[in-house]
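*Asks:* This structure is in structure tokens; I'll ask about it shortly.
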Amino acid sequence: MRDIRTESRRGGTEDLDEAAATFESLRPRLFGIAYRILSSATEAEDLLQDVWLRWQAYDRDTVADPGAFLATVTTRLAINALQSARVRRETYVGPWLPEPVDTGNDPHLGAERGEALSFAVLLLLEKLSPTERAAYVLREAFDYPYRRIAEIIEASEAAVRQLVSRARKRIVSERRNPVTRDEQRRLLTAFVAAARVGDLAKLEELLAADVISYSDGGGAVRAARFPVVGAFRVAKFIRAFASRFWAGVEVEWADVNGQPAALLRHDGELFTVLTVNASEEGIDQVLWLMNPAKIAPLSAAS
Numbered sequence: 001m002r003d004i005r006t007e008s009r010r011g012g013t014e015d016l017d018e019a020a021a022t023f024e025s026l027r028p029r030l031f032g033i034a035y036r037i038l039s040s041a042t043e044a045e046d047l048l049q050d051v052w053l054r055w056q057a058y059d060r061d062t063v064a065d066p067g068a069f070l071a072t073v074t075t076r077l078a079i080n081a082l083q084s085a086r087v088r089r090e091t092y093v094g095p096w097l098p099e100p101v102d103t104g105n106d107p108h109l110g111a112e113r114g115e116a117l118s119f120a121v122l123l124l125l126e127k128l129s130p131t132e133r134a135a136y137v138l139r140e141a142f143d144y145p146y147r148r149i150a151e152i153i154e155a156s157e158a159a160v161r162q163l164v165s166r167a168r169k170r171i172v173s174e175r176r177n178p179v180t181r182d183e184q185r186r187l188l189t190a191f192v193a194a195a196r197v198g199d200l201a202k203l204e205e206l207l208a209a210d211v212i213s214y215s216d217g218g219g220a221v222r223a224a225r226f227p228v229v230g231a232f233r234v235a236k237f238i239r240a241f242a243s244r245f246w247a248g249v250e251v252e253w254a255d256v257n258g259q260p261a262a263l264l265r266h267d268g269e270l271f272t273v274l275t276v277n278a279s280e281e282g283i284d285q286v287l288w289l290m291n292p293a294k295i296a297p298l299s300a301a302s
């Protein structure tokens, strides 16, 4: 709770308005940092509320660089929040996928650098430690100097260089070279068309041999509880529910996490966000985001 006497001494409403203006001007970057570390827009928004309360109550006259101060607070809180989030994700019902964000209506999220925003990279970041992930995000997505990252995560510069290098090597080694955005859109469009009619041959043609299909329903809606692996098995799985799943579905195209996505609606209500990750070998991952709590913000934005 804020100290009213302190607020009065520091200038009251006028000072608070200035603090709010400063915070709002930096908010897009702070959200970008928090989201990339947490992979959840909802958790990132909650975290920024905490950052704001701390900024509101802090002796701001002692802060020479508000941007640096707020980025530090955001990153440290995000590291702590991710540690707690991972405990919750261990009991998540079915495959867990990052919460989608509408980058078509929120260009600030990828305005500086789009790195560590795509689903393919966010899924790989889940394999990193919270501190390693934060260091990678600050360096690769926001181009922070190693010295500054060291101050933020309270480590030596040499340690930070090792963290970023290790994270970079892991992501490069485990991620296939992605196709261009236009090719990804073509593959997604063709996939939706084939899935709607259960075209087994066409689906197999589009999928990489070791493709994985993830369905995130979070236990709230009916969805596959386990990933489906392999081109034939995925194609057969999709054909099996095609007539029921796609009946009356309206498809809207959107930009989600910096990549093409299909918003699937029944009677105007969003029930699935569908996207794919692809390489030269074809579609490597099919992502069905169906958890109502995760896609609700996207539905409201669109």
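Each residue of the sequence shown is one higher than the one before, starting from 1 at the first, in UniProt numbering. Glycine is no exception: its CB is placed at the ideal position from the N, C-alpha and C atoms.
Between Ile-37 and Arg-133, which are expected to be in contact by the criterion C-beta below 8 Å, what is the C-beta distance as a whole number of angstroms?
*Replies:* The pair is a contact, with the Cβ atoms about 6 Å apart (cut-off 8 Å).
*Asks:* Could you work out which residue in Arg-88, Ala-195, Glu-250 is closest to Phe-237 when comparing CA atoms only?
*Replies:* Checking every option, the nearest Cα to that of Phe-237 belongs to Ala-195.
*Asks:* Identify, in the order they occur along the chain, each residue of the same chain with its Cβ nearer than 6 Å to the Cβ of Arg-161, setting aside the five sequence neighbours on each side.
*Replies:* These residues qualify, in order along the chain: Tyr-146.
*Asks:* State the DSSP-derived secondary structure class of residue 303, mapped to helix, strand or coil.
*Replies:* With the chain represented from 1 up to 302, any question about residue 303 goes unanswered, as that position is not in the structure.
*Asks:* Going by alpha carbons, who is nearest to Val-251 out of Ala-242, Leu-263, Ala-240?
*Replies:* Here the closest residue by C-alpha is Leu-263.
*Asks:* Mind checking whether Leu-70 and Phe-23 have CB atoms under 8 Å apart?
*Replies:* In this structure, Phe-23 lies closer than 8 Å to Leu-70 by Cβ.
*Asks:* Taking the alpha-carbon positions, what's the residue 303 to Leu-163 distance?
*Replies:* Nothing can be reported for residue 303: it is not among the residues displayed for the chain, which extend from 1 to 302.
*Asks:* Are Thr-272 and Gln-259 touching if we call contact CB-CB under 8 Å?
*Replies:* No, the pair does not count as a contact, with Cβ atoms beyond the cut-off.
*Asks:* Please state the DSSP three-state secondary structure of Ala-224.
*Replies:* Ala-224: coil per DSSP, three-state reduction.
*Asks:* Buried or exposed: which applies to Glu-154, given that a residue is buried once 16 or more other Cβ atoms fall within 10 Å of its Cβ?
*Replies:* By the 10 Å Cβ count, Glu-154 comes out exposed.
*Asks:* Let me know the secondary structure DSSP gives Pro-260 once reduced to three states.
*Replies:* If DSSP states are grouped into helix, strand and coil, Pro-260 belongs with the strands.
*Asks:* Report the residue ranges of all alpha helix (DSSP H) runs contained in full by the segment 97 to 142; include only those spanning at least 4 residues, in chain order.
*Replies:* Listed in chain order, the complete alpha helix (DSSP H) runs (minimum 4 residues) inside the segment 97 to 142 are 119 to 125, 130 to 136.
*Asks:* Relative to the C-alpha of Phe-232, which candidate in Ala-242, Leu-53, Asp-210 has its C-alpha closest?
*Replies:* Phe-232 has its Cα closest to that of Asp-210, out of Ala-242, Leu-53, Asp-210.
*Asks:* Would you mind reading off the limits of the beta strand (DSSP E) that contains Val-211?
*Replies:* Element bounds for Val-211: 207 to 216.
*Asks:* Based on the DSSP secondary-structure assignment, which residues constitute the bridge partners of Trp-288?
*Replies:* Ser-215, Leu-274.
*Asks:* Give the straight-line distance between the Cα atoms of Ala-20 and Gly-32, rounded to the nearest whole angstrom.
*Replies:* So the two alpha carbons sit approximately 18 Å from each other.
*Asks:* Can you check the UniProt domain "RNA polymerase sigma-70 region 2" (23 to 86) for any alpha helix (DSSP H) of at least 4 residues that lies completely inside it and give the ranges in chain order?
*Replies:* List check, alpha helix (DSSP H) in window: 41 to 57.
*Asks:* Suppose contacts are defined by Cβ-Cβ distances below 8 Å. Is Ala-242 in contact with Trp-288 by that definition?
*Replies:* For Ala-242 and Trp-288, no; Cβs fall outside 8 Å.
*Asks:* Check Ala-242 in the structure and name its three-state DSSP category.
*Replies:* In the structure shown, Ala-242 sits in a helix (DSSP, three-state: H, G or I).
*Asks:* Secondary structure at Ala-190, three-state DSSP: helix, strand or coil?
*Replies:* Reduced to three states, the DSSP call for Ala-190 is helix.
*Asks:* Find the nearest neighbour of Ile-149 within the set Ala-254, Thr-74, Gly-282, Arg-86, judged by alpha-carbon distance.
*Replies:* Measuring from the Cα of Ile-149, the nearest candidate turns out to be Thr-74.
*Asks:* Going by DSSP, what residues sit across from Val-249 in a beta bridge?
*Replies:* DSSP, once it has assigned bridges, lists His-266 as partnering Val-249.
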